[in-house]
Amino acid sequence: MRRTAVVTGASSGIGAEFARQLAARGYDLVLVARTEPALTALAAELTDEHQVRAEVVVQDLAAPDAAARVSDALTALGVTVDLLVNNAGFGTAGRFAQIDPGQEHDELMVNVVTLVDLTHVVLPGMLARGSGAVVNIGSTAGFNIGPHFATYASSKAFVLNFTLALWSELRGTGVTALAVAPGPVRTAFFDRLGTRKAAIGGRMITPERLVAAALRALDRDRGYVVPGASNFAMAHLMPRRPRKLVALLGRRVTSAVADALTPR
1 MRRTAVVTGA
11 SSGIGAEFAR
21 QLAARGYDLV
31 LVARTEPALT
41 ALAAELTDEH
51 QVRAEVVVQD
61 LAAPDAAARV
71 SDALTALGVT
81 VDLLVNNAGF
91 GTAGRFAQID
101 PGQEHDELMV
111 NVVTLVDLTH
121 VVLPGMLARG
131 SGAVVNIGST
141 AGFNIGPHFA
151 TYASSKAFVL
161 NFTLALWSEL
171 RGTGVTALAV
181 APGPVRTAFF
191 DRLGTRKAAI
201 GGRMITPERL
211 VAAALRALDR
221 DRGYVVPGAS
231 NFAMAHLMPR
241 RPRKLVALLG
251 RRVTSAVADA
261 LTPR
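Position one of the sequence shown corresponds to residue 1 (full-length UniProt numbering), numbered consecutively onward.
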């Protein structure tokens with residue numbers, strides 16, 4: 001029986017790589033993003049190389065009704081969702097008061113609100129069938145307080161905690177959840193953010209390596225995964241307490257990012 005995966009943010013980077021590796025595993029795909037030409041080209045590539053069904057849903061996931069529109073599209077396509085990869089997301093950085101509020105609002109809509117809404121869309125059907133999975137892409141930024149990444153880091157902390165809570169709730173149902181918390185990845189993320197200094201010295205990994213690690217962790221029902229040894233160490237060995245001291249130390253580490261993004 002064929003399985004179908006929905007991948008958001010599938011037009012490039014991590015999302016496109018999830019689509020490629022899932023197609024190689026025999027999944028049919030529904031590719032969701034704002035950029036139709038890139039989605040259409042990827043769908044044609046996957047169909048040609050892996051003989052899978054690859055459908056395209058063009059949707060801005062910052063829209064208030066984004067999840068409902070995606071749900072309607074899935075119904076129209078007649079697909080049953082076996083795997084949801086909530087990959088779409090973006091970051092903001094700099095001094096909070098200087099960041100465009102509209103951009104931060106859209107960031108929370110994509111990174112948090114639509115992620116939760118889409119999970120609500122697919123989870124009841126998965127539970128009824130007794131099988132399925134939700135993969136949510138977080139970040140190592142979600143493990144600590146993030147001065148100069150206040151909204152982004154907080155959104156990724158939500159993703160991590162939300163996903164692990166789901167993973168715990170779903171035990172014994174045949175359905176699972178996985179949080180993927182990468183450090184810096186070689187994608188256009190930092191170009192959109194505005195500075196490569198936002199990598200904070202972390203070692204870049206490729207989307208191919210990240211997705212392979214994520215799918216291994218999903219196979220093993222790990223709950224969460226931090227791909228890359230140095231990223232794992234950064235996520236787990238940084239102090240968590242006292243929280244005010246951690247916040248103050250974090251500001252010193254990220255001040256160069258804020259300086260790089262401050263208008264002159």
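Even for Gly, the Cβ is constructed at its ideal location relative to N, Cα and C.
From a predicted model like this one, the values you see are computed outputs, not experimental measurements.
For residue i, which three-state DSSP category applies?
i           : result
residue 226 : coil
residue 94  : coil
residue 72  : helix
residue 52  : coil
residue 81  : coil
residue 142 : helix
residue 259 : helix
residue 29  : strand
residue 41  : helix
residue 99  : coil
residue 111 : helix
residue 132 : strand
residue 191 : helix
residue 236 : helix
For the putative contact between residue i and residue j, defined by C-beta atoms under 8 Å, what is the C-beta separation to the nearest angstrom?
i           : j           : result
residue 105 : residue 258 : Going by Cβ atoms, the distance from residue 105 to residue 258 rounds to 20 Å, so no, they are not a contact pair.
residue 116 : residue 142 : Actually they do not touch by this definition, with Cβ atoms about 15 Å apart.
residue 181 : residue 226 : 5 Å
residue 61  : residue 10  : About 11 Å; that fails the 8 Å criterion.
Could you check the C-alpha separation between residue i and residue j for me, to the nearest Å?
i           : j           : result
residue 64  : residue 109 : 7 Å
residue 48  : residue 107 : 34 Å
residue 78  : residue 261 : 45 Å
residue 25  : residue 114 : 27 Å
residue 174 : residue 30  : 22 Å
residue 101 : residue 252 : 24 Å
residue 1   : residue 59  : 28 Å
residue 15  : residue 33  : 9 Å
residue 208 : residue 17  : 6 Å
residue 76  : residue 69  : 11 Å
residue 28  : residue 5   : 6 Å
residue 19  : residue 133 : 15 Å
residue 171 : residue 126 : 13 Å
residue 131 : residue 97  : 45 Å
residue 166 : residue 230 : 27 Å
residue 169 : residue 176 : 9 Å
residue 205 : residue 74  : 33 Å
residue 163 : residue 44  : 32 Å
residue 302 : residue 242 : With the chain running from 1 to 264 in the structure shown, residue 302 is simply not present.
residue 128 : residue 95  : 46 Å
Could you please give me the residues that DSSP links to residue i through a beta bridge?
i           : result
residue 137 : 180
residue 5   : 29 and 83
residue 122 : Residue 122 pairs with nothing; no bridge assigned.
residue 14  : DSSP lists no partner for residue 14.
residue 57  : 32
residue 185 : 205
residue 175 : 132
Is it the case that the CB of residue i approaches a heavy atom of the ligand ADP more closely than 7 Å?
i           : result
residue 246 : Ligands are entirely absent from the displayed structure, and the ligand ADP is therefore not among its contents.
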